[in-house]
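Protein chains in written order, with this note's numbering: chain P, 59 to 328; chain L, 59 to 328; chain X, 59 to 328; chain H, 59 to 328.
All C-beta atoms, glycine included, are put in the ideal place defined by N, C-alpha and C.
Computed from a prediction, not measured in an experiment: that's the story for all the values here.
There are 4 protein chains.
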Amino acid sequence: MLGPNRYGKSQVRVVKVTRTRGRHTLRDLTVDVMLEGDFAAAHTRGDNRGLPATDTMRNTIYVLANRHPIDTLESFGGALVEHFMGRPAVVGVTVRVREHPWERLGDHEHAFQRGHGGTRVATVSVGGVSAGVEDLLVLRTTGSGFEGFERDELTTLPETDDRILATVVTATWDYGRAPADWHAVRDRLLAAFADHYSPSVQFTLHRMGEAVLDAHPEIERIHLSLPNRHHLLIDLSRFGERNDNAVFEATDQPFGLIEGTVQRAPAAGA
Amino acid sequence: MLGPNRYGKSQVRVVKVTRTRGRHTLRDLTVDVMLEGDFAAAHTRGDNRGLPATDTMRNTIYVLANRHPIDTLESFGGALVEHFMGRPAVVGVTVRVREHPWERLGDHEHAFQRGHGGTRVATVSVGGVSAGVEDLLVLRTTGSGFEGFERDELTTLPETDDRILATVVTATWDYGRAPADWHAVRDRLLAAFADHYSPSVQFTLHRMGEAVLDAHPEIERIHLSLPNRHHLLIDLSRFGERNDNAVFEATDQPFGLIEGTVQRAPAAGA
Amino acid sequence: MLGPNRYGKSQVRVVKVTRTRGRHTLRDLTVDVMLEGDFAAAHTRGDNRGLPATDTMRNTIYVLANRHPIDTLESFGGALVEHFMGRPAVVGVTVRVREHPWERLGDHEHAFQRGHGGTRVATVSVGGVSAGVEDLLVLRTTGSGFEGFERDELTTLPETDDRILATVVTATWDYGRAPADWHAVRDRLLAAFADHYSPSVQFTLHRMGEAVLDAHPEIERIHLSLPNRHHLLIDLSRFGERNDNAVFEATDQPFGLIEGTVQRAPAAGA
Amino acid sequence: MLGPNRYGKSQVRVVKVTRTRGRHTLRDLTVDVMLEGDFAAAHTRGDNRGLPATDTMRNTIYVLANRHPIDTLESFGGALVEHFMGRPAVVGVTVRVREHPWERLGDHEHAFQRGHGGTRVATVSVGGVSAGVEDLLVLRTTGSGFEGFERDELTTLPETDDRILATVVTATWDYGRAPADWHAVRDRLLAAFADHYSPSVQFTLHRMGEAVLDAHPEIERIHLSLPNRHHLLIDLSRFGERNDNAVFEATDQPFGLIEGTVQRAPAAGA
Numbered sequence: 059m060l061g062p063n064r065y066g067k068s069q070v071r072v073v074k075v076t077r078t079r080g081r082h083t084l085r086d087l088t089v090d091v092m093l094e095g096d097f098a099a100a101h102t103r104g105d106n107r108g109l110p111a112t113d114t115m116r117n118t119i120y121v122l123a124n125r126h127p128i129d130t131l132e133s134f135g136g137a138l139v140e141h142f143m144g145r146p147a148v149v150g151v152t153v154r155v156r157e158h159p160w161e162r163l164g165d166h167e168h169a170f171q172r173g174h175g176g177t178r179v180a181t182v183s184v185g186g187v188s189a190g191v192e193d194l195l196v197l198r199t200t201g202s203g204f205e206g207f208e209r210d211e212l213t214t215l216p217e218t219d220d221r222i223l224a225t226v227v228t229a230t231w232d233y234g235r236a237p238a239d240w241h242a243v244r245d246r247l248l249a250a251f252a253d254h255y256s257p258s259v260q261f262t263l264h265r266m267g268e269a270v271l272d273a274h275p276e277i278e279r280i281h282l283s284l285p286n287r288h289h290l291l292i293d294l295s296r297f298g299e300r301n302d303n304a305v306f307e308a309t310d311q312p313f314g315l316i317e318g319t320v321q322r323a324p325a326a327g328a
Numbered sequence: 059m060l061g062p063n064r065y066g067k068s069q070v071r072v073v074k075v076t077r078t079r080g081r082h083t084l085r086d087l088t089v090d091v092m093l094e095g096d097f098a099a100a101h102t103r104g105d106n107r108g109l110p111a112t113d114t115m116r117n118t119i120y121v122l123a124n125r126h127p128i129d130t131l132e133s134f135g136g137a138l139v140e141h142f143m144g145r146p147a148v149v150g151v152t153v154r155v156r157e158h159p160w161e162r163l164g165d166h167e168h169a170f171q172r173g174h175g176g177t178r179v180a181t182v183s184v185g186g187v188s189a190g191v192e193d194l195l196v197l198r199t200t201g202s203g204f205e206g207f208e209r210d211e212l213t214t215l216p217e218t219d220d221r222i223l224a225t226v227v228t229a230t231w232d233y234g235r236a237p238a239d240w241h242a243v244r245d246r247l248l249a250a251f252a253d254h255y256s257p258s259v260q261f262t263l264h265r266m267g268e269a270v271l272d273a274h275p276e277i278e279r280i281h282l283s284l285p286n287r288h289h290l291l292i293d294l295s296r297f298g299e300r301n302d303n304a305v306f307e308a309t310d311q312p313f314g315l316i317e318g319t320v321q322r323a324p325a326a327g328a
Numbered sequence: 059m060l061g062p063n064r065y066g067k068s069q070v071r072v073v074k075v076t077r078t079r080g081r082h083t084l085r086d087l088t089v090d091v092m093l094e095g096d097f098a099a100a101h102t103r104g105d106n107r108g109l110p111a112t113d114t115m116r117n118t119i120y121v122l123a124n125r126h127p128i129d130t131l132e133s134f135g136g137a138l139v140e141h142f143m144g145r146p147a148v149v150g151v152t153v154r155v156r157e158h159p160w161e162r163l164g165d166h167e168h169a170f171q172r173g174h175g176g177t178r179v180a181t182v183s184v185g186g187v188s189a190g191v192e193d194l195l196v197l198r199t200t201g202s203g204f205e206g207f208e209r210d211e212l213t214t215l216p217e218t219d220d221r222i223l224a225t226v227v228t229a230t231w232d233y234g235r236a237p238a239d240w241h242a243v244r245d246r247l248l249a250a251f252a253d254h255y256s257p258s259v260q261f262t263l264h265r266m267g268e269a270v271l272d273a274h275p276e277i278e279r280i281h282l283s284l285p286n287r288h289h290l291l292i293d294l295s296r297f298g299e300r301n302d303n304a305v306f307e308a309t310d311q312p313f314g315l316i317e318g319t320v321q322r323a324p325a326a327g328a
Numbered sequence: 059m060l061g062p063n064r065y066g067k068s069q070v071r072v073v074k075v076t077r078t079r080g081r082h083t084l085r086d087l088t089v090d091v092m093l094e095g096d097f098a099a100a101h102t103r104g105d106n107r108g109l110p111a112t113d114t115m116r117n118t119i120y121v122l123a124n125r126h127p128i129d130t131l132e133s134f135g136g137a138l139v140e141h142f143m144g145r146p147a148v149v150g151v152t153v154r155v156r157e158h159p160w161e162r163l164g165d166h167e168h169a170f171q172r173g174h175g176g177t178r179v180a181t182v183s184v185g186g187v188s189a190g191v192e193d194l195l196v197l198r199t200t201g202s203g204f205e206g207f208e209r210d211e212l213t214t215l216p217e218t219d220d221r222i223l224a225t226v227v228t229a230t231w232d233y234g235r236a237p238a239d240w241h242a243v244r245d246r247l248l249a250a251f252a253d254h255y256s257p258s259v260q261f262t263l264h265r266m267g268e269a270v271l272d273a274h275p276e277i278e279r280i281h282l283s284l285p286n287r288h289h290l291l292i293d294l295s296r297f298g299e300r301n302d303n304a305v306f307e308a309t310d311q312p313f314g315l316i317e318g319t320v321q322r323a324p325a326a327g328a
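Here it is as structure tokens:
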């Protein structure tokens, strides 16, 4: 009666400092580990033999962070996968590593401030590797509209050819053939967000995905999730004033959410 | 090159008041709608014909909340699914309704305070209905241990037969044959959390799922996600004091995360 | 050049379990400690002599939680104040204790779920003791209006004699003469929130304070902070529908915020 | 019996776009308004005459955002103060404006990503103006220690002359004589955080304040709040490994909190 199951340790916060004279570097990571395997006895009989403790997973992340250069998130994630795959009962491992950005203060040896440009993500499992970015907040003050959409008796949204477009990009791309340069992909997403007139979030999503696939033949598929951070033009005509697309109310809730995958032909279903 | 895609409106906050003399009731809901369909033209050509605006989805939720009795989350969600399935380009709809609990102040006609017992959830799609609970925080001060687990060279966790067990239950169950009484299922989960010695979160997860399936033949399958909200016994021996399982540090991060499905035999893969 | 300063440890999460046979109890606390004293040398010369480490404050909270019965938050806070006042350089201590509510599952010996009714707070310093409640979310579906307010050329809010009133109560009351029963004060706040027609949040704030002072002669003064969790009546007339005060949009942001002190005459300025 | 009271509108989110050809700019603001005045009748008699609605405050923020160039936060805040001071019953107004940072994408006319460097704050009241920064997350991988602090029987923290120092700076400075250049002050704080060996957060706090006062004679006083975002060196000796100040656990909770004012002599008490 036990169906699919998995477990692990989430939100392990580990910081690795590399002390090169004149230029310290740091990797500020949050690591999640999930294991699949033959854990039926623990579930049904309370027999924990063969069941690694999640506390051990935490220790393992710390020890491997010490041993490993963490040159890339993918290689560090891969080392963790390999380690856990060596445990007797384990048949599957997924490691997700997120890196929180820091930016050097000028050319200081060892002082940093929180950076920007999104959270870098790598997910490594036995089946493959994917990379991604989260929390990449972008906005255009013009060059975006929404017209010609379906109208029914409950539609009140006016058409517009000039609105603010803002979103928090979450993107995930596979490693079809070889690793893609993360910064190059992230910068391509930023550039493609901004390089066209956007008739809809859907169009911009597809454009961003297409731009990445065009520039990175090593990527087969990219998934994007774009919440629409609505900026509502405020009606000032009630006060006898013109609002020349100048003053907007920023809202969090509710929000439109547009999700899609762009992939190389032949397109396959989900 | 466009792969799977969907979009909709998230986090629509709607409150419906029913004003019976002497006894108002309220349903405090957060509704998410996601549509699938033939939206390729919007993505690739900027042609929005046939594309419902997410703003219209919001209006629709408000209007249907007005028309519909909202006797159950499922029937309200079903009305929304039916409405959106009637749009030309739409081939799939998923509506998720969460209800935030309120508790009447004594026998007051119309005054309430925030309740407890978790957030009620219903997810309705063309393919079926599931129910669930979120944010159900539970704790046992004893009757829980963790022993006999796998040890390796990186294991430091001591074995214990007396620890605090705390978790925030997220559970989702399908409607195999007929709707199950939500409060009965929720109460069954609470009772099963507390009715046994817990040798692991895994065992308790399975026990909770089994208890629901035993009591509710109408349910075929239940999925549970149980983060381990660790309460660490504080070492006071450093100060010459005994800590008789009395004083604990509550931690949020990192946390163990145990997930599993319990289903009627024959067990099928995910 | 060093002006007023203080420091301490914040957000120490400590759980104390008392194991009476047949009936465990738990106190789930978050403790903040702030010290004032002669710490100028640390600030200006880097001389840390006499400066207690905040890590020691954490240890102290744990040890005193072990030694102390924690019969009330106030007595536990007082024990911490007394302890830290004994340190050489310290001239002032403020301890804030918040208790997160748990509710027993039926008559179970040792199983609980998250309770409701707000977070209990006590603040103890050398100068005195205050008690309070936070996170007490309350709502009335009717019996509230807002009319006759000042109108100017930028006012668009319609007058109403029937609206939803919702707020998250934060209240703090002093201990003028003797401790007041916390549950009695909290329940008095709840009752007074609901026992009158509310012409404004201001009136209800004053009414709630007055009710507490009337019932508790031991309290000299109470401060209330009431954010207005707006529930906006949705205009359905655009769709040819009547909305009989039935369907509302719940909003978080922006919100009105009403704060005030109710105290025994003679009223003194801040 | 009514004591000190005030009310207003909080968290008004307004974005102002200025459309210069080739170079749009935006100010992304969260505005809070609080009024003091003669509002006793509303509190005690339910008489709302003279009481501005908080909804009107929101409208006013929008309209003034349209009319005003928002060249500085201070001038915009001042315009709001002046407006509300003109209402009959009002005797005091405090306006707090926070600006969320955006950074232009390359030299794009109108596309931006979330910036960094902290949230800019200005608080304007009848009594004066202050400026500030929030959410300025900084970290040093070395050049920080903590030694020679007071030890008692509950002290376990080892002394160290090499630790990670991380904090989230909140600073507020007055405008003694003239406005100080915000970016210059913020950059001075960053530089002073990094330009010395830090024997304690207290010393660094004082150093940062002193550096600002030294460079900005127009500032009389600066207040700093520095939570200690602890990075705990992980003990790997249990696993036979050396941790050469390389691998740290980042923790949120509990945290040390150091607060202080640095001001020009003669130093006055709070």
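In the DSSP annotation of this structure, P:V259 is not part of any beta strand (DSSP E); the continuous alpha helix (DSSP H) holding it starts and ends at 259-273. From the beta-carbon of L:E211, the residues of chain H found nearer than 8 Å are F297. Only those residues of the region 149-162 of chain P whose C-beta falls short of 9 Å from the nearest C-beta of chain L would be listed, and there are none. Secondary structure note for P:A252: its alpha helix (DSSP H) is the uninterrupted segment 240-252. Under DSSP, the beta-bridge partners assigned to L:M92 are L:G66, L:T152. In the structure shown, the three-state DSSP call for X:E276 is coil. Looking only at H:A180, H:R103, H:G104, the smallest Cα-Cα distance to H:E132 is reached by H:A180.
Using a Cβ distance threshold of 8 Å, H:F306 and X:A111 do not count as a contacting pair. Excluding residues up to 5 positions away in sequence, F134, A137 lie with their Cβ nearer than 6 Å to the Cβ of P:H126 in the same chain. Nearest neighbour of X:R287 by Cα position, chosen from X:R265, X:V226, X:K67, X:G318, turns out to be X:V226. Here P:L294 is not near P:N303, since their CB atoms are 8 Å or more apart.
About 14 Å separates the CB atoms of X:R235 and X:A273; that is not less than 8 Å, and the two are not in contact. Remark: three or more beta-carbon pairs, one from each stretch, lie closer than 8 Å, so the region 158-175 of chain H and the region 79-88 of chain H are flagged as touching. Interface annotation, H:D165: not in contact with chain P, CB-CB separation never under 8 Å. Along the region 94-136 of chain L, the alpha helix (DSSP H) occurs as fully enclosed runs of 4 or more residues at 98-103, 112-125, listed in sequence order. For X:V187, not one C-beta of chain H is nearer than 8 Å to its own C-beta. Residues of the region 114-125 of chain H with a C-beta atom less than 7 Å from some C-beta of chain P are Y120, V121, A123, N124, listed in chain order. Excluding five sequence positions before and after H:G267, the CB atoms of its chain that fall closer than 7 Å to its own CB belong to I280, L282, V320, given in chain order. In the three-state reduction of the DSSP assignment, L:F204 falls in the strand class, which pools E and B. Proximity of chain P to L:V70 at the Cβ level (cut-off 7 Å) is accounted for by P312, in chain order. Closest in C-alpha terms to L:G176, from the list L:S183, L:E192, L:G108, comes L:E192.
Annotated three-state conformation of H:H166 is coil, per DSSP. Within its own chain, the residues whose Cβ lies closer than 8 Å to the Cβ of X:H264, once the five positions on either side in sequence are excluded, are G318, V320, listed in chain order. In this structure, the CA atom of H:P146 is about 19 Å from the CA atom of X:T214. By the Cβ test, the region 246-256 of chain H is in contact with the region 182-202 of chain H, since at least three Cβ pairs between them sit closer than 8 Å. About 7 Å separates the beta carbons of X:V70 and X:T88, which is inside the 8 Å limit, making them a contact pair.
Of all alpha-carbon atoms in P:L315, P:D105, P:V184, P:Y233, the one lying nearest the alpha-carbon of P:F142 is that of P:V184. Assignment of P:H289 by DSSP, reduced to helix, strand and coil, places it in the strand class. H:V153 places its beta carbon 8 Å or farther from that of H:V187. Between P:L290 and P:I316 the beta-carbon gap is near 18 Å, outside 8 Å, which marks them as no contact.
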